[in-house]
Structure formats: structure tokens, C-alpha cells
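Here the protein sequences line up with chains C and X, keeping their order.
Throughout the first sequence, residue numbering follows my numbering, covering 1 to 240 in sequence.
Throughout the second sequence, residue numbering follows my numbering, covering 241 to 540 in sequence.
Backbone N, C-alpha and C define an ideal beta-carbon position, used for all residues, glycine too.
These figures come from a predicted structure and were not determined experimentally.
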Amino acid sequence: MVITACLCPWPPILVRDLTGRDPVIPGLRQACRTAVRRLVDAQPELIVVAGPAESTRTWDQASRLDPGVFAPALSSDDDRLQSDGRRDPALPPSLGLGALLLDEAGYSGPRILQAVADDEPVDACSRLGSALSDRTTRTGMLVMGDGSARRDPRAPGHLHPQAAAFDAATERAMRRGDLRALLDVPPALARELMATGRPVWQVLAGAMLPQVPAADILYAGAPFGVGYIVAFLQVAMFTG
Amino acid sequence: MNRHADGKQARTQGPLRLGSRTFQSGQPLIMAIVNRTPDSFFRPGSTWEDAAAMEQVAGAVAEGADIIDIGGVPAKPGMPVDVAEEIRRTVPIVAAVRGAYPDVVISVDTWRHEVAHEACVAGANLINDTWGGWDGRVAEVAAKNNAALLCAHAGGQEPRTRPFRVAYPDVMADVLSRTLDLAERAVAAGVDPSRILIDPAHDFGKNTWQSLEVTRRLAEMTATGWPVLVSLSRKDFVGETLGLPPEDRLAGTLATTAVCAWLGARVFRVHDVPETRQVLHMVSAIRGDAPPARTIRGLV
Numbered sequence: 001m002v003i004t005a006c007l008c009p010w011p012p013i014l015v016r017d018l019t020g021r022d023p024v025i026p027g028l029r030q031a032c033r034t035a036v037r038r039l040v041d042a043q044p045e046l047i048v049v050a051g052p053a054e055s056t057r058t059w060d061q062a063s064r065l066d067p068g069v070f071a072p073a074l075s076s077d078d079d080r081l082q083s084d085g086r087r088d089p090a091l092p093p094s095l096g097l098g099a100l101l102l103d104e105a106g107y108s109g110p111r112i113l114q115a116v117a118d119d120e121p122v123d124a125c126s127r128l129g130s131a132l133s134d135r136t137t138r139t140g141m142l143v144m145g146d147g148s149a150r151r152d153p154r155a156p157g158h159l160h161p162q163a164a165a166f167d168a169a170t171e172r173a174m175r176r177g178d179l180r181a182l183l184d185v186p187p188a189l190a191r192e193l194m195a196t197g198r199p200v201w202q203v204l205a206g207a208m209l210p211q212v213p214a215a216d217i218l219y220a221g222a223p224f225g226v227g228y229i230v231a232f233l234q235v236a237m238f239t240g
Numbered sequence: 241m242n243r244h245a246d247g248k249q250a251r252t253q254g255p256l257r258l259g260s261r262t263f264q265s266g267q268p269l270i271m272a273i274v275n276r277t278p279d280s281f282f283r284p285g286s287t288w289e290d291a292a293a294m295e296q297v298a299g300a301v302a303e304g305a306d307i308i309d310i311g312g313v314p315a316k317p318g319m320p321v322d323v324a325e326e327i328r329r330t331v332p333i334v335a336a337v338r339g340a341y342p343d344v345v346i347s348v349d350t351w352r353h354e355v356a357h358e359a360c361v362a363g364a365n366l367i368n369d370t371w372g373g374w375d376g377r378v379a380e381v382a383a384k385n386n387a388a389l390l391c392a393h394a395g396g397q398e399p400r401t402r403p404f405r406v407a408y409p410d411v412m413a414d415v416l417s418r419t420l421d422l423a424e425r426a427v428a429a430g431v432d433p434s435r436i437l438i439d440p441a442h443d444f445g446k447n448t449w450q451s452l453e454v455t456r457r458l459a460e461m462t463a464t465g466w467p468v469l470v471s472l473s474r475k476d477f478v479g480e481t482l483g484l485p486p487e488d489r490l491a492g493t494l495a496t497t498a499v500c501a502w503l504g505a506r507v508f509r510v511h512d513v514p515e516t517r518q519v520l521h522m523v524s525a526i527r528g529d530a531p532p533a534r535t536i537r538g539l540v
């Protein structure tokens, strides 16, 4: 069952090398590192990385982000990595960034890289989450998703008047551990607001419900007009 | 006739026809930007009023610009500009410039076929479609008006949107594929092949790293034989590379201009005509495409 989860955004700027000489957003990187560290320290037997992508499928657990897809100057002819991973330019970046966070936290246990289609309906997301949790394995989830990319006029999606309220509602739901509220996020609105997290939040809800996890929000903000939220969720464990 | 690795035919750089003018390779051209918008990213509103616009055109022609580029819609998202408004902002000025300067080449910066057609009827010679054929009828309009057409790479992005985490396994391959495909479709639509240009369209559907890469590999575009246009002026990839705002990006723009000229680009879309002309003369002399102005030192 899924006993712990953390949520991270997946802007490519999480990769330090991608921001050039200026670190740009060290606070966000630190918050993600802290959340993933707590995930790994909970000693799950398996970590599922869930990230939005073009289609729903799993990827080889050795697949890693090829930073060259964003920054050709950072391509390398050597696609092997210290983590025994292999760079794959086709890997959805949301999963690539999740895998990178796990590697940086020193996690070497089994992992599943689960891509979830951007337009996957709510029911299917919820069922996928239940299936991921439907086993006795102590499972942790690393859920890679963002709020709205339309938070201000300079945002990638320019300003949408509903963007701030949408993100505020998501943050409230997460603070309360109210995963059922995440199932109510309408896919059409999330798409209009360019909120990549909708399908994977709903996978998380399917995986953890009916539990009401304790939640810590480590970061919530939109410095570039994209809503980033970093959170750690832990289910209360009963000892027999 | 040799072929590229992907099977597309290579062409040798031939003459470029714009309006009634013919330009040979080795003769770089300057396209001067005249923005008919209140909200462009650089010097917003400076040519919004008709008189100011005509004054800018006069200055650009006096400074040696070969092409006057008139556009009515900024590339960034913002206040909507519909077809009628875009025509209102651009077509009368096109007509006025044509009236005042019968021989200057005029381009219209638009992705819309309706605007392109009206501008061509008013005297425009080149359709500067920097959004990469989003409106599938632009090539047909170019053919009908015997106008030149720019075939640009915007990564399939919708006009007036910003790139959002755009990833390419090989950005240059994508640029070549899309621009060459547009060029071939333009020929099939009846556009005169000597009136077709290609453009990697820096910053369009590309982040700074990707814009730097298409600059570094520009020789792969010029090797296709299609004339290459670059629009670099004061763009964000220059600003992010140097950490500078638009008003301070001239040196970075000129550095990139020199690199692109060295690699064989033929048309340069710019805000700063005299400085660009000097850079192009210098590079032409280094390349051996044109003689220096006056050489006596060591020769007397």
C-alpha cells in the first residue's frame, strides 16, 4: 500500500545546469530535495514516480532524463550514468526529473516510472492509483506535477483570472490531506489553466484514499507564473 | 544534384528575388523592423503613429535597409488583435511606403493569409510568416500575388504563445524538417522557388539553449541552398545569455549577427540598421565576398 508520498513540480530549471551561471531558484530545489529525502527515509520497499506525459504507460526503471532535449549544449555522447541509469531523450521530462530527484537522494531501490496521459479521465487516474496501491508492498510515491502555468502576464500561458484561485484550492486540499477534493478537479479547467498536475494528483488520490494523510507543505509559490507546490504526505501507521 | 542525409535534395545558393529586385548570394540584406503596435518588447509604441512610422521608414531607407518589414501584432501574448485591426495597422502604411519608395522591398510580418493578401495588394513583396505556416493558406496567397515567402520554424506552436518546457531530441533536425517541408509545400503551391527563404526563428518555440544551438549549427541550414533569414535583434536569447534587458542587447545581437553572416545567412531582420550594415560589411570582407572600402596602408 502507499504509505507516503511527496509532490514536486517538474520545471526543467530544477536541473541546476539548465539555468546557466545563475542558480535562479535554489530554494525550490532545496524544498524538493528535503521532501524526497523524507520519502526515501521512510524506507519504502518500492517508489512509484508518477508524472504527466503524452500517454499512460510505464518506462524502464533505468531511464533517465537527457538534459540535451532542453539544452543541446549539455548533451553527452556517453548516455550511461553513475546511477546505472541510461539517458533517454524520449523519456517524459516529468519522469526524468523525478528519477533525478531519487538519484540525488541516493535511492537505489526498485522504482516504477509511471507516465499518466495529460488527458486521462478522472476515473482512470483514480483506478490507476488504486492498482498501484493494491499490494502489500510498502510503497512510496513521488508525484511530479504543477499548478497553473497562467498565474501572471509573464507566465508561459499569460494571465488567466481563475489561475490563482485554482492553485489556492489545490494547496488547501493538500494541506488538509483532503485527497477526495483532488478528484473533483475538472480536467477541462486544469487543461485551460495549464495545470500539469491534475492527472497525477488524481492517481495519488486513488492510491491513498480512504486515508487522510498528514501533510507538510514545503514550498508553495509561482515565481515565474507557474504554480509550484512541494509537499510531503504521510499516512498514519498502526502498529499491531 | 546532391542530397542531404534525410533524402531531401540540396540546392546551391542561387539568386533571391524580392519584388522587382534580384540579389545574388554573397550580398547580405538588411530588413528594417517597423512595428505598428503599441506594445512590442523593444521601444514599444515608437512607430505606432503614422508620422512616426514613416519617419522610421525614411531613416531606415537612408541608412541602407534593403527591406522594410511592417508588422501589426506582437509575438508575445496580450491584447487580442483581430484580422480587421491587424489590416488597419499595417496595410495603409504598406501602401504609403510603396507610394513613397517605389523600389524598396516591403515585407509584411503576419501569419494570417487575409492580412498577407491585403498587404500584397497594397504593395508588399514578401510575407514574413514567423509562426511557421500556422495558417495553411499563406503559401497560396504568396503564389497568387507572386510574393516571396518566409518558411520559419516555430516548433508547431500556436501564434502568440510562449514556449512551455519545449523539448527536442535534436532541435536542428526539427528546424530543418519543418522549414524544408514548408519550402517544398510552397513550391508545390506555386510560389516561385527563387522567392522562398527559410528561418530558424530564434526564440520561437525554442528556449535560449535551443536558440544558441540553431545559431551554432546554422551552416546546416545554409547548406540546403535556400536563402536563410535570421531575426535576432535584441531577442531574449541574447538577453538571457548576457543577463541584460532589451535596451542593452545591441552588442550581443551584433555578435550573433556576425556568426550567422559568417555561416552564410543572407537576410537579417534588425532594429539597428547602420551597426548591422557595418558588421555585415566586415564579415563579407573576411569571407572574401566583397572588397574592403579603401585599402592603401602598406600599399603606397
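Answer yes or no: does any C-beta atom of chain X fall closer than 9 Å to that of residue i?
i             : result
residue 251/C : Examination of residue 251/C is not possible in this model, given that chain C is present from 1 through 240 alone.
residue 155/C : yes
residue 53/C  : no
residue 227/C : no
residue 60/C  : no
residue 98/C  : no
residue 93/C  : yes
Buried or exposed: residue i, going by 16 or more other Cβ atoms within 10 Å of its Cβ?
i             : result
residue 319/X : exposed
residue 12/C  : buried
residue 536/X : exposed
residue 123/C : exposed
residue 227/C : buried
residue 488/X : exposed
residue 539/X : exposed
residue 260/X : exposed
residue 162/C : exposed
residue 30/C  : exposed
residue 135/C : exposed
residue 40/C  : buried
residue 252/X : exposed
residue 167/C : buried
residue 156/C : buried
residue 345/X : buried
residue 78/C  : exposed
residue 289/X : exposed
residue 486/X : buried
residue 5/C   : buried
residue 94/C  : buried
Quick one: what's got a C-beta closer than 8 Å to residue i's C-beta in the same chain, skipping five residues either side?
i             : result
residue 112/C : 46, 47, 48, 49, 58, 61, 132
residue 173/C : 179, 181, 182
Of all Cβ atoms in chain C, is any one closer than 9 Å to the Cβ of residue i?
i             : result
residue 408/X : yes
residue 452/X : yes
residue 449/X : yes
residue 411/X : yes
residue 245/X : A caution first: residue 245/X carries a pLDDT of 47, below 50, which makes its placement in the model unreliable, though a value can still be read off. Not closer than 9 Å to any Cβ of chain C, the Cβ of residue 245/X fails to qualify, so no.
residue 474/X : no
residue 398/X : no
residue 404/X : yes
residue 537/X : no
In its own chain, which residues sit with a C-beta less than 7 Å from the C-beta of residue i, not counting the 5 before and 5 after it?
i             : result
residue 255/X : 262, 263, 264, 434
residue 498/X : 519, 523
Once you ignore the five residues that flank residue i on each side, which residues in its own chain have a CB closer than 6 Å to its CB?
i             : result
residue 440/X : 393, 415, 454
residue 239/C : The predicted model places residue 239/C with a pLDDT of 37, which falls under 50 and marks its position as unreliable, so this point remains unresolved.
residue 505/X : 468, 470
residue 75/C  : 68
residue 98/C  : 49, 51, 142, 144
residue 296/X : 274, 287
residue 212/C : 177
residue 305/X : 270, 272, 513
residue 9/C   : 146, 228
residue 138/C : 3, 44, 45
residue 303/X : 513, 514
*Any residues in the segment 187-208 of chain C with a beta carbon nearer than 9 Å to a beta carbon of chain X? Which ones, in chain order?*
Cβ contacts with chain X come from 194, 196.
*Just by C-beta distance, which residues in the segment 68-82 of chain C are closer than 7 Å to chain X?*
69, 70, 71, 72, 73
_Positions along the segment 158-171 of chain C whose CB lies within less than 9 Å of some CB in chain X_ = 158, 159
*Unbroken alpha helix (DSSP H) runs of length 4 or more, entirely within the segment 313-370 of chain X: which are they?*
323-340, 353-362
*Proximal residues, the segment 5-31 of chain C versus chain X, C-beta separation under 9 Å*: 10, 11, 12, 18, 20, 21, 22
*Counting only runs of 3+ residues fully inside the segment 1-87 of chain C, write out the beta strand (DSSP E) ranges in chain order.*
2-8, 46-53, 57-59
_Ignoring anything shorter than 3 residues, give me the beta strand (DSSP E) runs that lie fully in the segment 376-403 of chain X, in order along the chain._
For the segment 376-403 of chain X, the continuous beta strand (DSSP E) assignments of 3+ residues that do not extend past its boundaries occur at 388-392, in sequence order.
_Cβ-based contacts, 9 Å cut-off: residues of the segment 317-332 of chain X near chain C_ = Against chain C - using a Cβ distance shorter than 9 Å - the residues of the segment 317-332 of chain X are 317, 318.
*Whole beta strand (DSSP E) elements within the segment 402-458 of chain X, 3-residue minimum*: Here the runs fully enclosed are 436-439.
*Please list the residues of the segment 100-112 of chain C that have a C-beta atom closer than 7 Å to any C-beta atom in chain X, keeping them in chain order.*
none
*Check each residue of the segment 136-149 of chain C: if its Cβ is closer than 9 Å to any Cβ of chain X, include it; give the result in chain order.*
149
*Whole alpha helix (DSSP H) runs in the segment 496-529 of chain X with 4 or more residues, listed along the chain?*
513-527
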